[in-house]
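All remarks here apply to the structure that follows.
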Ligand SMILES: Cc1ncc(COP(=O)(O)O)c(C=O)c1O
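Numbering (the numbering used here), first residue to last: 376 to 826.
Below, the structure is given as structure tokens:
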């Protein structure tokens, strides 16, 4: 039977109808219809090209349509598209060998999931099973994922809708490390990193703490890079109290910060490292929860009460092998560090031009530009409550203006996260920052005393 007839909706009608499937503030939301992507660019249905200045969700590390990763997916689909997680596979062995090479030394047992949030759920369960303790300390300026355990440990307002019943019990929050706008009103270095010392104080007073989870460089919540003493001191505090340290490198891993993993900047080895996103340059969903051999040994004779049908799914592992090899072949970890210095210089210039920029900060190709109404008071244009209530945010207006000019950037409450694919050229960095420069006129007009 010929199923095409004139009453059948067209692709664009279907796109409009299923717009609501994008699950945003739904009324009036019209997502861009994307049809293609290559390198640092993606293309909409009208053929317009956009520079991807945030690698989508800070995940397309190698850029779009990397041929080696695509080939690995194709070949694995032909060879062994699925087998249950209880079997050994070539692809799992090969990836594990590569992971031993690139992960901080000592992380040697791998649980493969299909997202970052699941990697964190595994980390929490492992921490609780191994220590026999319950509580997890997380920090306010953080995001660890959307499932019940990870959202419970998320400090940002995406947690609010789940308070208090829809989240796991036992998660408590420590102050974040934020030297631009310190939650303790301190100044580095006179503060002697009081924020991390306070975590020790919390552990002593809480008892029953199984683990501390941190993003070593906080991602969506503002690319907060800790001072050099912070992570080593946190490692020490955890050791002193027999508490496990979980490093959530879902966003900061895979060269984003100019090292394979952000913890490598400080020579810190966490007990558990979780990651996802760039592990496959995001073409296929894969999460990883890596533990030390000591933690893994616990399960030699204890029941591992966790797992997924899609755990260690061969189709997710093959592209990770290709992505790691591509990072090595193109020397992208070093390139991220070098281009990060280009970004630093250009963003510093941009800040000097715009009173609406309160701070630019970052490491490698991982940067934030934070907007303020007033550089002295650091008052933001929008708050967390504005975000949740659906109030139009200034950063979103600026991001929309940049889209008109062919540059995509991630905006979050009062800052932008600039995290392009690691293959970006200096010229493309210039194109992205020119669009930001132009669009910042919107913020400059709204400054205190001018609006
Ligand atoms: C630091 C961090 N952890 C966890 C997650 C959750 O990862 P996923 O969206 O793959 O579940 C994210 C997602 O943005 C993240 O940035």
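Glycine residues also receive a C-beta, built at the ideal position from the N, C-alpha and C atoms. As the structure is a prediction and not an experimental result, all values here were calculated from the model.
- Ligand 1 has a heavy atom closer than 7 angstroms to the beta-carbon of residue 590.
- Not one heavy atom of ligand 1 sits closer than 7 angstroms to the Cβ of residue 765.
- With 16 or more other Cβ atoms inside 10 Å of its own Cβ, residue 811 counts as buried.
- Within the same chain, Cβ atoms closer than 6 angstroms to the Cβ of residue 515 are found at 530, 548, 551, the five residues on either side in sequence being excluded.
- Pairwise C-beta distances place the stretch 489-497 in contact with the stretch 516-529, as three or more of them are shorter than 8 angstroms.
- Look at the stretch 659-687 and you find these whole runs of alpha helix (DSSP H), each 4 residues long or longer: 668-673.
- Here the C-alpha atom of residue 510 lies approximately 5 angstroms from the C-alpha atom of residue 585.
- DSSP, reduced to helix, strand and coil, places residue 529 outside both helices and strands of the structure shown, so it counts as coil.
- Between residue 568 and residue 587, the C-beta gap is not smaller than 8 angstroms, which leaves the two residues out of contact.
- Positions of the alpha helix (DSSP H) runs, each at least 4 residues long and wholly inside the stretch 552-618, are given as 569-581, 605-615 in order along the chain.
- Closest by C-alpha distance to residue 425, out of 415, 432, 453, 690, is 415.
- Bridge pairing for residue 488: 662 [DSSP].
- When DSSP states are grouped into helix, strand and coil, residue 510 belongs to the strand group.
- With 16 or more other Cβ atoms from the protein chains shown falling within 10 Å of its own Cβ, residue 818 counts as buried.
- In this structure, residue 433 lies near residue 785, with their beta-carbon atoms less than 8 angstroms apart.
- Between residue 665 and residue 692, the CB-CB gap reaches or exceeds 8 angstroms.
- Its chain contains 568 as the residues whose beta carbon lies nearer than 6 angstroms to that of residue 604, once the 5 sequence neighbours on both sides are disregarded; these appear in chain order.
- Between residue 791 and residue 632, the CB-CB gap reaches or exceeds 8 angstroms.
- It is roughly 45 angstroms from the alpha-carbon of residue 444 to the alpha-carbon of residue 559.
- If you check the CB distance, residue 583 and residue 508 come in under 8 angstroms.
- Going by beta carbons, residue 748 and residue 756 fall inside the 8 angstroms limit.
- The Cβ-Cβ distance between residue 452 and residue 822 does not fall below 8 angstroms.
- Closest by C-alpha distance to residue 725, out of 661, 815, 780, 799, is 815.
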